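Novice: Mind looking over this structure? Questions follow.
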Amino acid sequence: MARWLPRSADLTRFCQKLNRVKTLEDDMMETSFNRCLSTIDLTLLGIGGMVGSGLYVLTGTVAKEIAGPAVIVSFIIAGFASLLAALCYAEFGARVPKTGSAYMFTYVSVGEIWAFLIGWNVLLEYMIGGAAVARAWSGYLDSIFNHKIKNFTETHVGTWQVPFLAHYPDFLAAAILLVATAFISFGAKVSSWLNHVFSAISMGVILFILIMGFVLAQPKNWSAQEGGFAPYGLSGIMAGTATCFYAFVGFDVIAASSEEARNPQRAVPRAIAFSLGLATGAYILVSVVLTLMVPWHTLDPDSALADAFYRRGYAWAGFLVAAGSICAMNTVLLSNLFSLPRIVYAMAEDGLFFQVFSRVHPRTQVPVVGIVVFGLLMALLALVFDLEALVQFLSIGTLLAYTFVAASIIVLRFQQQKVDAPAPAADGRPSPQPHEDPSTGELKEYESFSDKLQLVDRDKSKEHREPGQLKAAFEPYLEFLSDFYPGEVVTVAVVTLMVSTICLCSILVFGNTHLHLPTWSYSLLLVLFSLGFLLSLLLIWAHEQQRGTQTFQIPLVPLSPALSIVLNIYLMLKLSYMTWLRFAVWLLLGLLVYFGYGIWHSKENLREPRPQRVSARYVVFPSGSLEERVQAVQPSSQPAAGLPDTDTDDCKR
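Oh and the sequence shown: position 265 is 265 in the UniProt record's numbering, straight run, nothing missing.
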């Protein structure tokens, strides 16, 4: 029985395979893509991904049903919360200008299996998101023509009464996805130009809404007679914040496009900051004019802006609003179709997904196979599936990606720069490490034990320490941590921080409702898990981090990423149990793909050195005792006592 159990060495090697990180090339600017996107191109891509139909629908829904006019405050808080995640993406996009977004960022810092699962979830997120937007686009256009398209389809094609399938096939939604797929396959420059056109129209309509809205504004709509500014109180504002947070999902298209940016070190952080700032301003200002034009409690959640203009006597403005909404949805479609094939390409290029998706068209310089295949799959989803039940799945995939990117920022910031291992000497022993002699400024090899002791003493006395090492000020109090390899304690502290955050948020979300904890235990658990979170944060902060890099760095590390982790996990736990169940099923499918294909074809697996056969030599003496032959410490002219001469190769009896 015991012989069938895996050995501890095998288990260790297997865990190392799962957590191996991606080796980056020396020249990260080298790519098979076309680096043609400027800061303006990336900014408009980000705006197109964020300012979609949510601007025309979400503002009215949150204002009427959740927060009232205080939806403005909800968007301000949600914008700040999104900024924490966006800054993490900005740092990674500048430091690692490779396509893949959250997948790539997790792979270079946390580990392979985690990166694959992030990429696997983002893949489904983009597919469902694109199909859902296409159906919304189709429904919005159909409503302008009094649902003639829907009635024609139901009459001549028929309807279905099958679970998980749509009531009728939406040919218009599938058609718009196929047309968008064709444009995306022409290359990044064509996609960017098309996005410019739709974004310009959308921003022009938003500008019209703001000007006309402020002209028609009536401050009395915020008065106490209409319910006041915050009729649902602080709880309504925070509930609105959770909903408004998803309006800013989409800036990751900028990070996914970093391999096609001309100067990603500067363009990616700027584009993320500009696009998020403009999107936040648009959401806030539109919420202001919407709640000032008409009383918030009379808004139509499905078409709040068009209905508000109609009730103020400007019915013609409804057509402009409809045009702006359709253009905004077009930019979201382009954003999804632009990002998805590039993430699949990154996974296939690393060997974790099927190799066919890593092919880049030589003329258009885009992953045309991924664009066509996933464009067709997205069109099929929009054609026949009921996506309303799956839309919540978008949230969990996005929040999980945000969480891992924030954790990756902490891990990477406290890691030492990876350098090539020294080549072994001729006798198999590692060659001595060279160090700079401060007296001469030249490299000196330290051979003797006393030399190495002097080196250690001098290194401890230096003020400058490597990333991941304990700060000098904390060494007298945390001296027992000095024995760990640089970065090890930080990695353990990050894991502890995430576990503490999960427990803390679970108590906050389920403590009074599902667990029915008494007050004393509820308070005690909150204090304990809060202490675990704070102690982990302090332990990370007590170590040195990388400084002086040439690219953008998020400020206040580890506090900023830690706050992003708390917010993301809290919002994930607020999702329904059915969302978690579907998420678990999708993860299991992903694990089957990874262990069936990815782990064996990973390029990092090919880079790993193959284990070499090690033979031991033994000398058997007449007395029958067995003694292993070891390498002599003394020079070869002085053989070790009790052993035969080292030149002898054969065993002697």
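A virtual CB, placed ideally from N, CA and C, is assigned to each residue, including glycine. Just so you know, these numbers come straight off a predicted model, no measurement behind them.
Quick check: the stretch 195 to 202 against the stretch 326 to 340, are there 3 or more CB pairs under 8 Å?
Specialist: With the cut-off at 8 Å, the stretch 195 to 202 and the stretch 326 to 340 touch.
Novice: Sorted by chain position, which residues of the same chain lie with C-beta nearer than 6 Å to I113's C-beta, five sequence neighbours on each side aside?
Specialist: For I113, where only same-chain residues beyond five positions count, the Cβ hits under 6 Å are L18.
Novice: Which of the three DSSP states, helix, strand or coil, is assigned to V620?
Specialist: With a pLDDT of only 45 at V620, under the threshold of 50, the placement of this residue in the model should not be trusted; the figure read from the coordinates follows. In the structure shown, V620 sits in a strand (DSSP, three-state: E or B).
Novice: Please name the residue, chosen from G487, L581, L278 and L537, that lies closest to R499 on a Cα-to-Cα basis.
Specialist: What sits at residue 499 in the sequence shown is Val, not Arg. Among G487, L581, L278 and L537, the Cα nearest to that of V499 is on L537.
Novice: Go ahead and label F80 buried or exposed: buried means 16 or more other beta carbons lie within 10 angstroms of its beta carbon, across all protein chains shown.
Specialist: Answer is exposed; the Cβ neighbour count stays below 16.
Novice: State the beta-bridge partners of L470 as determined by DSSP.
Specialist: In DSSP, L470 forms a bridge with H543.
Novice: Whose CA, out of G277, A273, S101 and L55, lies closest to the CA of E259?
Specialist: Cα-wise, what sits closest to E259 is S101.
Novice: With C-beta atoms as the reference, is L531 less than 8 Å away from I396?
Specialist: Against a cut-off of 8 Å, the Cβ pair of I396 and L531 comes out as no contact.
Novice: Measure how close the beta-carbons of L320 and V205 come, nearest whole angstrom, since I'm counting them as under 8 Å.
Specialist: Correct: roughly 6 Å between the Cβ atoms.
Novice: Taking one C-beta from the stretch 170 to 182 and one from the stretch 206 to 218 each time, how about it: are there three or more such pairs within less than 8 Å?
Specialist: Touching, no.
Novice: Since V405 and C88 are thought to touch, with beta carbons under 8 Å apart, how far apart are those beta carbons, to the nearest angstrom?
Specialist: Indeed they touch by this definition, with Cβ atoms about 5 Å apart.
Novice: Between L84 and the rest of its own chain, which residues show a CB-CB distance below 8 Å, the 5 nearest in sequence each way excluded?
Specialist: Around L84: A406, S560, P561, L563, S564 and L567.
Novice: Quick check on Q415: buried or exposed, where buried means 16 or more other Cβ atoms within 10 Å of its Cβ?
Specialist: It counts as buried.
Novice: With contact counted as at least three CB pairs below 8 Å, one residue from each stretch, are the stretch 103 to 110 and the stretch 589 to 603 in contact?
Specialist: With a cut-off of 8 Å, the stretch 589 to 603 and the stretch 103 to 110 do not count as touching, because too few Cβ pairs lie within range.
Novice: Enumerate, from N- to C-terminal direction, the unbroken alpha helix (DSSP H) stretches of 4 or more residues contained entirely within the stretch 466 to 535.
Specialist: DSSP runs (the alpha helix (DSSP H)) wholly in the stretch 466 to 535: 488 to 510.
Novice: Given V614, which residues of its chain have a CB within under 8 Å of its CB, disregarding the five upstream and five downstream residues?
Specialist: Since pLDDT at V614 reaches only 48, below the 50 mark, its modelled position is unreliable, and no value is offered.
Novice: State the Cα-Cα distance for the pair I201 and W137, rounded to the nearest angstrom.
Specialist: About 16 Å.
Novice: Could you compute how far the alpha carbon of T181 sits from the alpha carbon of S325?
Specialist: Each residue's alpha carbon lies about 20 Å from the other.
Novice: For a test of the three-state rule: what should DSSP assign to A261, helix, strand or coil?
Specialist: Three-state result, A261: strand.
Novice: Please state the DSSP three-state secondary structure of L37.
Specialist: In the structure shown, L37 sits in a strand (DSSP, three-state: E or B).
Novice: Could you check what DSSP says for N385 in three-state terms: helix, strand or coil?
Specialist: In the sequence on display, residue 385 carries Phe and not Asn. F385 falls in the strand class under three-state DSSP.
Novice: Taking 8 Å as the cut-off, does the stretch 49 to 68 touch the stretch 268 to 286 (at least 3 CB pairs, one atom from each stretch)?
Specialist: With a cut-off of 8 Å, the stretch 49 to 68 and the stretch 268 to 286 count as touching, because enough Cβ pairs lie within range.
Novice: Look at the alpha carbon of A165 and the alpha carbon of T159, and state the distance between them as a whole number of angstroms.
Specialist: According to the sequence provided, residue 165 is Leu. The question's Ala does not apply to it. When rounded, the distance between both Cα atoms is 10 Å.
Novice: I need the straight-line Cα distance from S257 to L525, nearest angstrom please.
Specialist: Using only the alpha carbons, I get a separation of about 43 Å.
Novice: Look up L165 in the DSSP assignment and give the residues it is bridged to.
Specialist: L165 pairs with F385.
Novice: Measuring straight from C-alpha to C-alpha, what distance separates S521 and V527?
Specialist: Rounded to whole angstroms, S521 to V527 spans 10 Å at the Cα level.
Novice: Run through DSSP, which three-state label would W193 get?
Specialist: It is helical.
Novice: Would you identify the three-state DSSP class for P219, choosing helix, strand or coil?
Specialist: Correct three-state label for P219: helix.
Novice: Does DSSP classify K574 as helix, strand or coil?
Specialist: DSSP places K574 in coil when its eight states are reduced to three.
Novice: Between A131 and V179, what straight-line distance do the alpha-carbon atoms span, to the nearest angstrom?
Specialist: The straight-line gap from Cα to Cα measures roughly 13 Å.
Novice: Nearest to I144 by alpha carbon, out of A306, H297 and Y345?
Specialist: Nearest C-alpha to I144: A306.
Novice: Which class does F353 belong to by DSSP, given the choice of helix, strand or coil?
Specialist: Looking at F353 - three-state DSSP - the assignment turns out to be coil, as it is neither helix nor strand.
Novice: Under 8 Å, do G227 and A70 count as touching if we go by C-beta distance?
Specialist: It is not a contact, given that the beta carbons lie outside the stated cut-off.
Novice: Are the beta-carbon atoms of L299 and G60 separated by less than 8 Å?
Specialist: Contact: yes.
Novice: Within its chain, find whatever has a CB closer than 6 Å to the CB of P367; leave out the 5 residues flanking it on each side and keep chain order.
Specialist: For P367, where only same-chain residues beyond five positions count, the Cβ hits under 6 Å are P341, Y345 and V360.
Novice: Suppose only complete runs of 4+ residues qualify. What are the alpha helix (DSSP H) ranges in the stretch 277 to 363, listed by chain order?
Specialist: You should have 304 to 311 and 317 to 349.
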